[in-house]
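Asker: Numbering (the numbering used here), first residue to last: 32 to 696.
We treat Cβ as the ideally placed atom computed from N, Cα and C, and that holds for glycine.
Below you'll find the structure I mean.
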């Protein structure tokens, strides 16, 4: 796809997302007679090391009312986040959380609250938010809360992205009508981020926070970011980009954890393919499925202009169609239109009278977009939405069935936090496309480059990962319909015993079968990364949820499996919650301290790792699995077309023209 098309998609997406201004913060029932509880301070500590991030948040709540109140805090749900610790500081005491079945945790919290006891509750609200309750916040006094979560991070074309989400997506309409949100931080907001990499880092970026962020580059792979702000509201995402050195090798990395030789171990395998994927040169068809629901009203003029500008950049041989949807879907073009000057004039006439309004019938838009496909041409659907479909067909199984019938790639661009990424994952995964999330804080040029790196190049097809020599089981993923240029394959799993193993990646490239292998050793004992157990559990839960969405697992079986994993590995899910009580309350209620034991092990490992450089977990260094470099924005992994090269240079010029950060010292 032409990069100008991608530029259009992302500009429109960011414009749509910018119309939303909801935020994380204290929730107060609409019409409440109490003064809202204040957020006095908000401090965030982040460590990114070996493929996953640990985010630790401290908040101080202040109650200026003459009576004790309950604090309710809402936080946009980070994708693939494992909420693992909640601590409340009640005076001089610390009380900690244990994960229980959801209804049981809620009942215990309400009981403790009714007795006036210090207590807390953390729950997951579907794909929207984590929600915390703390009682009491004493009259004219304050209470502090701490929570911690883990999440895996992928490298895309040598670029990593960490998102600390604060801006609500505005997709939970029922919640928005019931609550008002106080997002203001009265005193200090701080962000302390430590990044460790086994590979040299070429550059980092915190878009929108350049003036406040102080960067200390300790080594080529060890960077710290410190930032303090006053008069801050929790309505703007924080994003940290990091770009690895160009021309790094394609590689296989394995991060293990095994605490007890008598028990199975866990592992995270990260495969970064190095293959010479060629640019696509044949003409293609592009169906723009345009969201015209009510939220688009203020952006409609920009949408129309953007479409025309995009069409001006299509090349001879390309064709286009327009489909719009809100409450219903409508085709604006009767058939595919070959690109020409006359076609541009016709496109202007078609788009000019279009208006917005209504709800979101995504299924109708996709169904209409899939009509008139030509089997002899590559077909692509460009979909920009929050995917929170609320009219017509809403069952993900129906989306899966719809897309199984056709050979078309859907490229989805998902707007804002709290967007329905599970549905978009189903749509993109079924079609062999991909999806990306868009934040108002994202760097649009970076997004253009990363999307173009995938769409415009060949892909590895029907990729399959097999591990032999050692018994492995409960893998989260081992087949991938398409692997786009720059993508990493991340596989979590369990291994029975230590020993010599071989990983084999098989895929098809333009009709030719490809095989890549690497030999490595699973250790008998590896205690550096106990967090991998929770990350495996969460990845397994997401796999189960994905299977349920497409009808491969019944809901009752799904619920039981997710509940069991949440309880066993002490993570907050749709069916498990974390209740925070005093030690004596846990004892009186006969609640075993499973999370306390797991947390102690993880805290010890974090303390040990904090004193060490990042460990290199590459297992194919002596005998590389790939003969080409891993793709990157700046070079490697095969030839880069002139347009992408130009944009990469342009991005570098822009970055150099304004300070990306303040360096320490």
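1) At which residues does the beta strand (DSSP E) containing residue 617 begin and terminate?
2) In angstroms, rounded to a whole number, what distance separates the CA positions of residue 668 and residue 594?
3) Whole-angstrom Cβ separation of residue 283 and residue 516, contact assumed at under 8 Å?
4) Going by beta-carbon coordinates alone, are residue 345 and residue 385 separated by less than 8 Å?
5) Just the Cα atoms here: how many angstroms apart are residue 72 and residue 625?
6) Thinking residue 94 and residue 170 are a contact (beta carbons under 8 Å), I'd like their distance in whole angstroms, please.
7) Drop a sphere of 10 angstroms on the beta-carbon of residue 157, count the other beta-carbons inside from all chains shown, and report buried for 16 or more, exposed for fewer.
8) Measuring CA to CA, which of 221, 548, 106 is closest to residue 496?
9) When you compare the segment 524-544 with the segment 493-513, are there three or more beta-carbon pairs, one atom per stretch, that lie closer than 8 Å?
10) What is the C-beta distance between residue 153 and residue 587, in whole angstroms, given that I count them as a contact (C-beta under 8 Å)?
11) Here's the rule: buried if 16 or more other CB atoms are within 10 angstroms of the residue's CB, otherwise exposed. What is residue 542?
12) Between the Cα of residue 193 and the Cα atoms of 221, 225, 173, which residue gives the shortest distance?
13) For residue 69, count neighbouring Cβ atoms within 10 angstroms of its own Cβ and tell me buried if that reaches 16, exposed if not.
14) Nearest-angstrom Cα distance between residue 518 and residue 187?
15) Starting from the C-beta of residue 505, find all residues in its chain whose C-beta is less than 8 Å away, skip the five residues before and the five after it, and write them out in chain order.
16) Which class does residue 409 belong to by DSSP, given the choice of helix, strand or coil?
17) Leaving aside the five residues before and after residue 66 along the sequence, list all residues of the same chain whose C-beta is less than 6 Å from its C-beta, in chain order.
18) Scan the segment 57-97 and note each continuous beta strand (DSSP E) run of 3 residues or more that stays entirely inside, going in chain order.
19) Per DSSP, what kind of secondary structure is residue 647 in: helix, strand or coil?
20) By DSSP, does residue 432 sit in helix, in strand, or in coil?
21) Taking residue 403 and residue 438 to be in contact with their CB atoms under 8 Å, please state how far apart those CB atoms are, rounded to whole angstroms.
22) Measure the CB-CB distance between residue 163 and residue 151 and report whether it falls below 8 Å.
23) Taking contact to mean at least 3 C-beta pairs separated by less than 8 Å, is the segment 105-113 in contact with the segment 246-253?
24) Taking the straight line between their C-alpha atoms, what separation do you get for residue 487 and residue 442?
25) Would you mind working out which of 267, 223, 265 sits nearest residue 246, comparing C-alpha positions?
26) Buried or exposed for residue 641, please, with buried defined as at least 16 other CB atoms from any protein chain shown within 10 angstroms of its CB.
27) I'd like to check one pair, residue 423 with residue 412: are the Cβ atoms closer than 8 Å?
28) Is the Cβ of residue 274 closer than 8 Å to any Cβ of chain C?
29) Quick one: what does DSSP say residue 502 is sitting in, helix, strand or coil?
30) Going by CA-CA distance only, name the one from 290, 292, 82 that's closest to residue 520.
31) Looking only at its chain, what residues have a beta carbon closer than 8 Å to the beta carbon of residue 672, apart from the 5 residues adjacent to it on each side?
32) Could you check if residue 133 is buried or exposed, using at least 16 other CB atoms within 10 Å of its CB as the buried criterion?
33) Among 258, 159, 174, whose alpha-carbon lies nearest the alpha-carbon of residue 77?
34) Have a look at residue 61 and residue 176 and give me their C-alpha separation to the nearest angstrom.
35) Using the C-alpha atoms, what's the distance from residue 656 back to residue 662?
36) Determine whether the beta carbon atoms of residue 316 and residue 372 lie at a separation below 8 Å.
Answerer: The relevant details are as follows:
1) Careful: residue 617 lies outside any beta strand (DSSP E), inside the alpha helix (DSSP H) at 614-619.
2) Per-residue confidence for residue 668 stands at a pLDDT of 48, beneath the threshold of 50, marking its modelled position as unreliable; no derived number is given.
3) With a Cβ gap of about 18 Å, residue 283 and residue 516 do not count as contacting.
4) Contact annotation: residue 345 and residue 385 have beta-carbon atoms that are not nearer than 8 Å.
5) Each residue's alpha carbon lies about 30 Å from the other.
6) Right, the Cβ-Cβ distance comes to about 6 Å (below 8 Å), so this counts as a contact.
7) Around the CB of residue 157, fewer than 16 other CB atoms lie within 10 Å, so the residue is classed as exposed.
8) Nearest neighbour of residue 496 by Cα position, chosen from 221, 548, 106, turns out to be 548.
9) Output reads yes: the segment 493-513 touches the segment 524-544.
10) A Cβ-Cβ separation of about 25 Å leaves residue 153 out of contact with residue 587 under the 8 Å criterion.
11) Residue 542 is exposed by the Cβ-count criterion.
12) Minimum Cα-Cα distance from residue 193 among the listed residues 221, 225, 173 corresponds to 225.
13) Buried.
14) Their Cα atoms are separated by approximately 5 Å.
15) Closer than 8 Å at the Cβ level, and outside the excluded window around residue 505, lie 524, 525, 567, 571.
16) Residue 409: strand per DSSP, three-state reduction.
17) Scanning its chain for C-beta atoms nearer than 6 Å, with the 5 sequence neighbours on each side dropped, one finds around residue 66 the residues 95, 96, in chain order.
18) Restricted to the segment 57-97, the beta strand (DSSP E) segments that are unbroken, complete and at least 3 residues in length are 69-80, 83-94, listed in chain order.
19) Under the three-state reduction of DSSP output, residue 647 falls in the coil class, being neither helix nor strand.
20) Here residue 432 sits in helix by DSSP.
21) Residue 403 to residue 438, Cβ: 14 Å. No contact.
22) Taking 8 Å as the Cβ cut-off, residue 163 and residue 151 qualify as a contacting pair.
23) No, the segment 105-113 is not in contact with the segment 246-253.
24) The alpha-carbon atoms of residue 487 and residue 442 are separated by roughly 12 Å.
25) Selection 267, 223, 265 evaluated against residue 246 yields 223 as nearest (Cα-Cα).
26) Around the beta carbon of residue 641, fewer than 16 other beta carbons sit within 10 angstroms, so the residue counts as exposed.
27) It is not a contact, given that the beta carbons lie outside the stated cut-off.
28) In the displayed structure, chain C is absent; only one protein chain is listed.
29) In this structure, residue 502 counts as coil in the three-state DSSP scheme.
30) Comparing Cα positions, the closest option is 82.
31) For residue 672, the pLDDT reaches just 39, beneath the cut-off of 50, and the residue's location in the model is therefore unreliable, leaving the point undetermined.
32) Its Cβ being crowded by 16 or more others within 10 Å, residue 133 is buried.
33) Nearest option by C-alpha distance: 258.
34) For residue 61, the predicted structure reports a pLDDT of 47, less than 50, and the residue's modelled location is therefore unreliable. A value from the coordinates is still provided. C-alpha separation (whole angstroms): 24 Å.
35) Per the coordinates, the alpha-carbon of residue 662 lies some 15 Å from the alpha-carbon of residue 656.
36) In this structure, residue 316 lies away from residue 372, with their beta-carbon atoms at least 8 Å apart.
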